[in-house]
Amino acid sequence: KAGVTQTPRYLIKTRGQQVTLSCSPISGHRSVSWYQQTPGQGLQFLFEYFSETQRNKGNFPGRFSGRQFSNSRSEMNVSTLELGDSALYLCASSFIPNQPQHFGDGTRLSIL
Amino acid sequence: ILNVEQSPQSLHVQEGDSTNFTCSFPSSNFYALHWYRWETAKSPEALFVMTLNGDEKKKGRISATLNTKEGYSYLYIKGSQPEDSATYLCAFIPPNAGGTSYGKLTFGQGTILTVHP
Chain A
6 KAGVTQTPRY
16 LIKTRGQQVT
26 LSCSPISGHR
36 SVSWYQQTPG
46 QGLQFLFEYF
56 SETQRNKGNF
66 PGRFSGRQFS
76 NSRSEMNVST
86 LELGDSALYL
96 CASSFIPNQP
106 QHFGDGTRLS
116 IL
Chain B
234 ILNVEQSPQS
244 LHVQEGDSTN
254 FTCSFPSSNF
264 YALHWYRWET
274 AKSPEALFVM
284 TLNGDEKKKG
294 RISATLNTKE
304 GYSYLYIKGS
314 QPEDSATYLC
324 AFIPPNAGGT
334 SYGKLTFGQG
344 TILTVHP
């Protein structure tokens, strides 16, 4: 069974631009969560979607948004990029929210 | 703001040593605790999901215990091997207002384990 797929793997943007990251969960998994990992902060929860509904949001500004489609695929959007948004963004899926999460390889976003 | 603390921050052991590390979390509001292993250049891999006070889980040489009343979990590795070198993360899940949970994981900073041959 294919794992969690994130695209793209690497992305370079400049300040002020916007970016969309994509996550395809494991087939049958309906819960998709997004995390940001920076060297000083560790893994920070961004949001969680279940059946196309955002049910949890972390402490991030409104520039960070996401959505989930009917096939459970999810996208995350960051607008007006700042230097501090440079990070590894990880997506994780599970069948239901409290089962172990399966992580993708992440998208490494660099802001110049 | 939830505080999930892991100690130590890093650990160096020799091959064959047994080791353990700690995850501390709020004891007053608990739903579940996850443990993950994150090897360099890979994605985090789930080890255990723990939900009941007194839970003990085992996977090969790795085991974990849970004390929800005092708010801590221990991860043990018996006979460490170089391939156990990784960052070990715990993640705490509080309940929501309805008593279930929507899976909002708060991660600790992790314990970096290096096993020297």
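Residue numbers (the numbering used here), protein chains in the order written: chain A, 6 to 117; chain B, 234 to 350. Beta carbons are placed, not taken as given, at the ideal position from N, Cα and C, and that holds for glycine.
Query	Result
Exposure label - Gln239 (chain B); buried when at least 16 CB within 10 Å	buried
Partner residues on chain B for Leu26 (chain A), Cβ-Cβ distance less than 8 Å	Within chain B, no residue comes near Leu26 (chain A); the closest Cβ sits about 15 Å away, beyond 8 Å.
Pairwise C-alpha distance: Asp250 (chain B) and Lys292 (chain B)	17 Å
Simplified DSSP assignment, three categories, for Gly47 (chain A)	strand
Paired residues, beta bridge with Tyr54 (chain A) - DSSP	A:Val37 and A:Gln59
Below-8 Å beta-carbon distance, Thr298 (chain B) vs any chain A residue	no
Meets three-Cβ-pair contact criterion under 8 Å: the segment 27–35 of chain A and the segment 300–307 of chain B	no
Identity of the residues DSSP links to Leu299 (chain B) by a beta bridge	B:Ser306
Glu316 (chain B) in three-state terms, based on DSSP	helix
Stretch-stretch touch, CB-based, cutoff 8 Å, three pairs: the segment 95–112 of chain A with the segment 275–282 of chain B	yes
Sub-8 Å separation of Thr85 (chain A) and Arg68 (chain A) beta-carbons	yes
Rounded Cβ spacing between Ser79 (chain A) and Val37 (chain A) (contact assumed at less than 8 Å)	4 Å
Anticipated Cβ contact below 8 Å, Gly109 (chain A) with Val24 (chain A), distance rounded	Not confirmed; about 16 Å, so no contact.
Local Cβ density within 10 Å of Arg20 (chain A), reported as buried at 16 or more and exposed below that	exposed
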